[in-house]
Amino acid sequence: MSEKINKHLTAEQAMQIAESYKEKYDLSGTIDGTKERTAKFYNQFDDSNLPVWLVMVSIIPTIFEADDEYTIVISDAEAQVKYLIDPNGHYYAPHTKEDGLTDEEFDKLWNEDSENN
Numbered sequence: 744m745s746e747k748i749n750k751h752l753t754a755e756q757a758m759q760i761a762e763s764y765k766e767k768y769d770l771s772g773t774i775d776g777t778k779e780r781t782a783k784f785y786n787q788f789d790d791s792n793l794p795v796w797l798v799m800v801s802i803i804p805t806i807f808e809a810d811d812e813y814t815i816v817i818s819d820a821e822a823q824v825k826y827l828i829d830p831n832g833h834y835y836a837p838h839t840k841e842d843g844l845t846d847e848e849f850d851k852l853w854n855e856d857s858e859n860n
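Put into structure tokens, the structure is as follows:
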């Protein structure tokens with residue numbers, strides 16, 4: 744059974760949103776648009792049934808990081824960054840800090856969202 748997926752964004756648009764977000768929040772890393780796996784669309788991801796783009800950002804790992812990249816998760820419908828997944832698999836959202844959310848508040852919000860889905 745094949746179902747048609749209507750995407751609001753292209754891979755290029757998702758990468759541009761990710762790049763703008765990186766610049767705004769002074770995040771490290773490089774988005775390599777020449778690699779096919781840099782931006783991938785998923786009809787649903789994590790505990791959400793919402794379509795997202797995952798944009799991979801290459802970094803030089805430190806002794807504290809398990810991997811050499813992190814992921815920017817972008818809502819396809821909203822055309823905005825939802826959160827990041829750091830090289831160790833932890834969720835992080837720099838844009839929520841401007842609204843006064845602490846890491847603990849973000850974790851609580853994320854856990855509540857997961858429980859509601």
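If you're matching positions, the sequence shown starts at 744 in our numbering and goes up one per residue.
A virtual CB, placed ideally from N, CA and C, is assigned to each residue, including glycine.
Since the structure is predicted, the reported quantities are computational estimates derived from the model, not experimental observations.
- In the displayed model, E808 falls within coil according to three-state DSSP, outside both helix and strand.
- With the rule of 3 Cβ pairs closer than 8 Å, the segment 783-799 counts as touching the segment 748-761.
- Between the segment 764-775 and the segment 784-791 there are fewer than three C-beta pairs closer than 8 Å, too few to call the two in contact.
- In the DSSP annotation of this structure, the continuous segment of the alpha helix (DSSP H) that includes A761 starts and ends at 754-767.
- Sixteen is the threshold: when 16 or more other Cβ atoms of the shown chains lie within 10 Å of the Cβ of D819, as they do, the residue is buried.
- Taking the Cα positions, E755 is about 31 Å away from F807.
- Short of 7 Å from the beta carbon of D829, and not among the five residues preceding or following it, lie these beta carbons of its own chain, in chain order: Y813, Y835.
- Distances from the CA of S791 to each of K825, H833, E779, N831 were compared; the closest alpha carbon is that of K825.
- Only residues of its own chain outside the window of five on either side were considered, and among them M799 have a CB closer than 8 Å to the CB of R780, listed in chain order.
- Excluding its 5 nearest sequence neighbours in each direction, G772 has C-beta neighbours in its own chain below 8 Å: K765, V800, S801, I802, E812, Y813, listed in chain order.
- In the DSSP assignment, Q823 falls within the unbroken beta strand (DSSP E) covering 823-828.
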